[in-house]
Amino acid sequence: MTLYLVDPTIGLPIHQYRTSRSKETSMLRSILSGSSGARVGAALRATSTTAGSKVDKKATIWKIDEKKRERLANFGRYAAECLPKFVQRVQLLIHPSGVVPVMAFLKGNHSAQFTNLTFICGVDVPTRKYRFEVVYALLSTRFNARIRVRTYTDEIAPIESITSVFKGANWLVGFQFCQKCI
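Numbering (my numbering), first residue to last: 320 to 501.
This is the structure we're talking about:
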């Protein structure tokens, strides 16, 4: 197993570690358990080194552990407070009914000024109740900051279009959008 230490600002590997599967698992467990010995300066990405490696028979969907989720969220807030110069991308998960108000706020608020819609994409996760996500990436050229806004939907419910806020947001195919959803 090879672990890559990835620079989160540019998303490229900066160091490579060779390790066994058990060592990788213990490293990730120590990070998520909040042990004081775990120092995390960048994201870890694990990839297999051999093409003929054994297929893992474990389930791919984990049950959500609220304690681990809270520890990870606290660590994210702590890292953002300690490293404001280096944290460049923030992610919001919003309710589908709040897409237009949130986008209008992020674009028009003097402290945010996210005036550039970088991309819109769709994500399909078949195992979720609301299996589709629409992801909006915004850029503030004034503050040189990025934010990613995610919302969710199912196969039937449309998402309100943000073309009233960003005129270039009229091209995503495969999702049903409406001008004013009820």
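Each residue gets a CB set at the ideal place from its N, CA and C atoms; glycine is no exception.
If you reduce the DSSP assignment to three classes, tell me which class Gly395 lands in. Looking at Gly395 - three-state DSSP - the assignment turns out to be helix.
Flag this pair as yes or no: are the beta carbons of Asp474 and Pro415 separated by less than 9 Å? The sequence given here has Glu at residue 474, not Asp. It is not a contact, given that the beta carbons lie outside the stated cut-off.
Tell me which residues share the same chain as Glu452 and place their Cβ nearer than 6 Å to its Cβ, disregarding the 5 neighbours each side in the sequence. Here the set comprises Val442, Arg469, Tyr471.
Starting from the C-beta of Arg450, find all residues in its chain whose C-beta is less than 7 Å away, skip the five residues before and the five after it, and write them out in chain order. Setting aside the 5 residues that flank it on each side, Arg450 is surrounded in the same chain by Asp443, Val444, Asp473, each with a C-beta closer than 7 Å to its C-beta; the list follows chain order.
Around the Cβ of Leu412, are there at least 16 other Cβ atoms within 10 angstroms (buried) or fewer (exposed)? Exposed, because fewer than 16 other Cβ atoms sit within 10 Å of the Cβ of Leu412.
From Pro477, Glu385, Ala464, pick the residue whose C-alpha is nearest to that of Gly417; which is it? The shortest Cα separation from Gly417 among Pro477, Glu385, Ala464 belongs to Pro477.
Give the range of the alpha helix (DSSP H) segment to which Val484 is assigned. Annotation for Val484: no alpha helix (DSSP H) segment contains it, and DSSP assigns it neither H nor E.
How many angstroms separate the CA atom of Thr460 from the CA atom of Gln432? Taking the straight line from one Cα to the other gives about 8 Å.
DSSP-derived helix/strand/coil call for Thr366: Because the pLDDT at Thr366 is just 43, under 50, the model does not fix this residue reliably, and the point stays unresolved.
Spatial neighbours of Phe424 in its chain, beta-carbon cut-off 8 Å, leaving aside the 5 residues before and after: Correct list, in chain order: Ala431.
The beta strand (DSSP E) with Ala456 in it runs from where to where? Secondary structure note for Ala456: its beta strand (DSSP E) is the uninterrupted segment 451-459.
From Phe462 to Thr434, what does the alpha carbon distance come to, in whole angstroms? Roughly 11 Å between the two C-alpha positions.
Quick check: what's the CA-CA separation for Asp384 versus Tyr397? When rounded, the distance between both Cα atoms is 20 Å.
Please say whether Phe485 and Ala456 have beta carbons closer to each other than 9 Å? Contact annotation: Ala456 and Phe485 have beta-carbon atoms that are not nearer than 9 Å.
Do Val409 and Arg447 come within 9 Å of each other at the CB atom, strictly closer than that value? Contact: no.
Could you tell me the distance, in whole angstroms, from the CA atom of Asn393 to the CA atom of Arg467? The alpha-carbon atoms of Asn393 and Arg467 are separated by roughly 19 Å.
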